[in-house]
Amino acid sequence: MTNPTSPAPLTDKQSQVRERIAQRLGSRHRKETMFRLMGIMSVTFGVLVVLVLFTDIIGKGHGAFVQSAIELEVDYDPQVLGIDSVSPETLALANFDAVIRRALQARFPDAVGRNNRRALFSLVSSSAPYELQQQLQENPQLLGQKQILWFTADDDVDTYVKLFADNKRGHFERLSEQKVAWIQQLLDSGELKKRFNTTFFTNGDSREPEQAGIRAALVGSLLTLLVTLALSFPIGVSAAIYLEEFAPKNRWTDIIEVNINNLAAVPSIVFGLLGLAIFINFFQLPRSAPLVGGLVLTLMTLPTIIISSRAALKAVPPSIREAALGMGASRMQTVLHHVLPLAMPGMLTGAIIGMAQALGETAPLLMVGMVAFIVDVPGSITDPSTVLPVQIFLWADSPERAFVERTSAAIMVLLSVLILMNTSAVWLRKKLERRW
Amino acid sequence: MNKRPSGIKLMASSLAVLGIAVSQAALAARDHISIVGSSTVYPFSAVVAERFSRATQFKTPVVESTGTGGGMKLFCQGVGEGTADITGASRRIKQSELENCNGNGVDVVEVQIGYDGIVLANAKTAEPFKLSRKDIFLALAKEVPNPNGSQSLVANPYKTWKDVNPTLPANKIEVLGPPPTSGTRDAFAELAMEGGCKQFNWIAAKKKTDKNAYKAICHTLREDGAYIEAGENDNLIVNKLVANPNALGIFGFSFLDQNADKVQGSVIEGMQPTFDSIAAQDYPVSRPLFVYVKKAHVGVVPGIKQFLAEFTNERAWGEEGYLADKGMIPLPATMRQQVATDVRKLNALDNLAAK
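Protein chains in written order, with the numbering used here: chain G, 1 to 436; chain U, 1001 to 1355.
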């Protein structure tokens, strides 16, 4: 090699080296472009997959946000209802079924014969009498009068209107020709319309797709996450602070660290089995309750929170601690007054990501009875309840056609909650983060 | 820094609230019925649960879908609030399960609620299949009788349906079905596979001499890719059939009923899988559905009696009831009457052989 300090003119050897560098330069540039191209390609691939997923889900699920309804003129005839005044007792016994049937019969007088009439009455949902009962309960003065009301249509009618009315997919075999004719007639006269599906957001689960909603699952998810957050965040942060700031570095803390990292990788169903054995069989806590679900998910998210909290604590520069100690602060004061506030954004981010993970979990909840059909919206953490991903799973497994779009709609709701949580994680980090 | 103590207080109080809730939960008696069991019975129990809570003042029962075997385990654990009141089953309780139940002090009341048909379906774009149970067995068993007619078994050599039976199309054998954990798979093996298997006399003779070998021959499905385990989700199988018109799929009748625009049921032994043929017991691949009730809980957990009354009401399980609308095949009228009166008496099941 040549001596770098000597400004000698180019020797043969030097020019050879330069030449070789010039030659290699082209290939190095090519390699870099290739590398960048691969990076761009993998990002594009990811974005494309997400796009396909989203278009599929939204394409299938957007229909669930509207629901067919049928307009009927009902007559609150005291004779037909079998009541003469409106009070909770009389309403419970009143024959609202008959009122609906009369209204349908009046609209389609051509339906004669038992089978035909049965088909006619199944145009509206089985919840129609309850909708009517609620109307009368709220407006007792309507007794003896007529009123035009929109009733939820049956799920078969709804599926027909959404998928088959355009005649592209052929014949929906669950509906007879007669029934299809009635539906077309109602569609043409504007008495059958798609309206915003409020039921989807106000009801719990139901075996009738047109009456099924996600409220019970959403509330169940929130209650479960509340329990998880209330337990796992304080416990996780305390454990991280102790291990990082106070614990001596010896074999025991090494073993604990290995175990925590191990726990983070344990399949979640194992935590479910543990929850079943400990919380339900030993402590006799109620099955299917958000309390038990939250406890199980706490076990699952603890390692995530501890690991991210420790990382956040490690990222606080030692100079902060040294300065505090130098000013005479105790170790606890140092940690609580100086280190913890600086590490908090990282800890919060870790906690929110842990929560988002817990929100999407079904396997551990299977064991503690939260994979269940729940109609009533839970009011406390001990009421039976289910969670959003479980609701998606149950609907995906249901035979009724109308549940297909509801499954996708529930996925959309779950995704929006997740996006909300992750955005708040980013926002919190941006807001609280301090740079040196 | 004065924020810190309030944060600690908040944590402490939230923990205290949690503690109170826990102790309260342990004290309060369960006021809803708890139902576990078969995923086939689940949609029917759930719809009855929903109607029942609307019609009465009781809380809506909680229905879990745990599978028949898993449900039996939970149900037979013992008597007490933490255990289930009712379990659904897509087959009859086994003697061993009943003994386990009785051993734990659980008296069981059996209620047969109806039938379910299992269909072999393919996409509507293809020709419908006409099969016999023997065809099904020969196409799907792991080992089949030697095609040369000798009484020995060989690994299933058949590649296409035409190899099995010359009247069938020359399509590759490709059947999508549920995994071994599923009750549908058990019932399919028992009703369709065994039904074809025992038509070979020398195999049927084995039933008496070597029951295990007989079961192994008749119930074991081939693992060379002709039978594809497609998971428990029947909607998924329907979608895969639409995408692949050469494949057949195995699932419950209610999925055929809901997707009749996409798939068609194969004719088995000359019978179409229809509501009527299953109800009349003409369609060969159908199975009974049961719910089992814990006698000791009747009267303790509120509403069990009324729930059973709703289940066995004509408006629910009758020929035109709402369960039929959900795809359950009702029992014949005389049998319904019989079961309904038996349910009112709440006679506990003691020995299966005696019945």
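The beta-carbon is built from N, C-alpha and C at its ideal position, and this holds for glycine as well.
Neighbour-count burial assignment, residue i, 16 or more Cβ in a 10 Å radius
i                       : result
residue 1192 of chain U : buried
residue 172 of chain G  : buried
residue 152 of chain G  : buried
residue 1345 of chain U : exposed
residue 1339 of chain U : buried
residue 52 of chain G   : exposed
residue 1157 of chain U : exposed
residue 1299 of chain U : exposed
residue 1285 of chain U : buried
residue 419 of chain G  : exposed
residue 48 of chain G   : exposed
residue 1224 of chain U : exposed
residue 1059 of chain U : buried
residue 25 of chain G   : exposed
residue 242 of chain G  : exposed
residue 1004 of chain U : With a pLDDT of 46 at residue 1004 of chain U, under the threshold of 50, the modelled position of that residue is not reliable, and no figure is offered here.
residue 1206 of chain U : buried
Closer than 8 Å at the beta carbon, the chain U residues around residue i
i                      : result
residue 108 of chain G : Within 8 Å Cβ-Cβ: nothing; residue 108 of chain G doesn't reach chain U, min ~20 Å.
residue 214 of chain G : The premise fails here: residue 214 of chain G is roughly 16 Å from chain U at the closest Cβ pair, so nothing lies under 8 Å.
residue 288 of chain G : 1034, 1062, 1064
residue 118 of chain G : 1320
The alpha helix (DSSP H) enclosing residue i, as first and last residue numbers
i                       : result
residue 1322 of chain U : 1322-1325
residue 287 of chain G  : No alpha helix (DSSP H) contains residue 287 of chain G, which DSSP labels as neither H nor E.
residue 218 of chain G  : 215-241
residue 1304 of chain U : 1304-1311
residue 364 of chain G  : 363-367
residue 1053 of chain U : 1042-1055
residue 320 of chain G  : 318-326
Proximal residues of chain G, C-beta to C-beta of residue i below 8 Å
i                       : result
residue 1286 of chain U : Chain G residues near residue 1286 of chain U: none, gap ~16 Å exceeds 8 Å.
Given residue i as reference, the closest of the options once Cα atoms are compared
i                       : options                        : result
residue 77 of chain G   : G/95, G/69, G/203              : G/95
residue 218 of chain G  : G/174, G/397, G/391, G/40      : G/391
residue 1232 of chain U : G/394, G/37, G/66, G/207       : G/394
residue 1186 of chain U : U/1333, U/1225, U/1342, U/1069 : U/1069
residue 424 of chain G  : G/406, G/367, G/413, G/345     : G/345
residue 1228 of chain U : U/1316, U/1139, U/1255         : U/1139
residue 1276 of chain U : U/1164, U/1037, U/1319         : U/1319
N- and C-terminal bounds of the beta strand (DSSP E) containing residue i
i                       : result
residue 1112 of chain U : 1108-1123
residue 79 of chain G   : No beta strand (DSSP E) holds residue 79 of chain G; the alpha helix (DSSP H) holding it covers 78-81.
residue 1264 of chain U : 1263-1265
residue 1290 of chain U : 1286-1294
residue 1249 of chain U : 1248-1252
residue 1227 of chain U : 1227-1229
residue 1154 of chain U : 1153-1155
residue 195 of chain G  : 192-196
residue 1089 of chain U : 1086-1089
residue 1143 of chain U : 1143-1145
residue 1063 of chain U : 1062-1064
residue 1035 of chain U : 1034-1037
Cross-strand partners of residue i (DSSP beta bridge)
i                       : result
residue 21 of chain G   : DSSP, once it has assigned bridges, lists no residue as partnering residue 21 of chain G.
residue 146 of chain G  : G/75
residue 1271 of chain U : U/1268
residue 260 of chain G  : DSSP output for residue 260 of chain G lists no bridge partner at all.
residue 354 of chain G  : Residue 354 of chain G pairs with nothing; no bridge assigned.
residue 339 of chain G  : None; residue 339 of chain G has no bridge partner.
residue 1172 of chain U : U/1160
residue 70 of chain G   : G/151, G/192
residue 1301 of chain U : U/1298
residue 1329 of chain U : U/1115
residue 372 of chain G  : U/1064
residue 1130 of chain U : U/1267
Partners in chain G for residue i, counting only beta-carbon separations shorter than 7 Å
i                       : result
residue 1047 of chain U : 207
residue 1254 of chain U : 399
residue 1090 of chain U : Simply none; closest approach about 14 Å.
Residues that residue i contacts on chain G, provided the C-beta gap is smaller than 9 Å
i                       : result
residue 1297 of chain U : Here the premise fails: no neighbours, minimum Cβ distance about 14 Å.
residue 1274 of chain U : Neighbours of residue 1274 of chain U on chain G: none; closest Cβ ~11 Å, over 9 Å.
residue 1122 of chain U : Neighbours of residue 1122 of chain U on chain G: none; closest Cβ ~16 Å, over 9 Å.
Within chain U, partners of residue i - CB distance below 7 Å
i                      : result
residue 172 of chain G : 1261
residue 246 of chain G : In chain order: nothing, as chain U lies at least about 17 Å away.
residue 384 of chain G : 1032, 1062
Residue i at chain C interface by Cβ criterion, 8 Å
i                       : result
residue 1310 of chain U : Among the chains of the structure shown, chain C does not appear; the protein chains present are G and U.
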